[in-house]
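Participant: The numbering of the sequence shown is UniProt numbering, which starts it at 1 and goes up by one.
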Amino acid sequence: MDDNHYMRLALAEAKAAAARGEVPVGAVLVNAAGEVVARTGNAPISICDPTAHAEMLALRDGAYKSGNYRLGGMSLYVTLEPCTMCAGAISNARIARVIYGATDHKGGAVESGVQFFDQASCHHRPRVTGGVLADQSSEMLKAFFRARRKK
């Protein structure tokens, strides 16, 4: 799998989320054959759902499409390091691999913060690759919040 290719797709979803006024985070779920199963962007504001992070929406869509809440063998590409809620869902879904762009020093829970996958209570630990197209992901987030502060 070409991590940069799938991360570019996630960046496109993040850009679409920003255009809707959402924090620009995008996620792409890919099966073992390299087929995109789900593409989503953040939507908590637009659908009035605090759990509507890009990762959560991708997992829901992938589970629905596959007819199984277990998504073993699949990879999740996300433009920002997942939070604790998303890390828990990723573990419960049995995602094989998580690939993220920018590190989230405040809210991240994979490499930062609680490091959810390293906890003894974590039932499933995916392989994790961070920093893929991190500069693009980070700049999109910074630009979004700069523009919001100006308003």
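Idealized CB from N, CA, C, for every residue including glycine. Just so it is clear, the structure is predicted and the values come from calculations on it, not from any experiment.
In this structure, does DSSP put R148 in helix, strand or coil?
Facilitator: In the structure shown, R148 sits in a helix (DSSP, three-state: H, G or I).
Participant: Does the pairing of the segment 121-136 with the segment 86-98 give three or more beta-carbon distances under 8 angstroms?
Facilitator: The segment 121-136 is in contact with the segment 86-98.
Participant: In three-state terms, what does DSSP make of G76?
Facilitator: The residue asked about is misnamed: residue 76 is Leu in this sequence, not Gly. L76 falls in the strand class under three-state DSSP.
Participant: May I have a chain-ordered list of the beta strand (DSSP E) segments no shorter than 3 residues that lie completely inside the segment 43-113?
Facilitator: Qualifying beta strand (DSSP E) stretches, in chain order: 75-80 and 97-102.
Participant: What residue range does the beta strand (DSSP E) around L29 cover?
Facilitator: Element bounds for L29: G26 to V30.
Participant: Following the continuous alpha helix (DSSP H) through A33, name the residue where it begins and the one where it ends.
Facilitator: Element bounds for A33: n/a, residue is neither H nor E.
Participant: Please report the distance separating the alpha-carbon of R8 from that of A134.
Facilitator: Taking the straight line from one Cα to the other gives about 11 angstroms.
Participant: Do you know offhand how far L11's Cα is from C48's?
Facilitator: Rounded to the nearest angstrom, the two C-alpha atoms are 23 angstroms apart.
Participant: Given that a residue counts as buried once 16 or more other Cβ atoms are within 10 Å of its Cβ, and exposed if not, what is A147?
Facilitator: It counts as exposed.
Participant: Is it right to say P24 is buried, meaning 16 or more other beta carbons lie within 10 angstroms of its own, or is it exposed?
Facilitator: Buried, since its Cβ has 16 or more Cβ neighbours within 10 Å.
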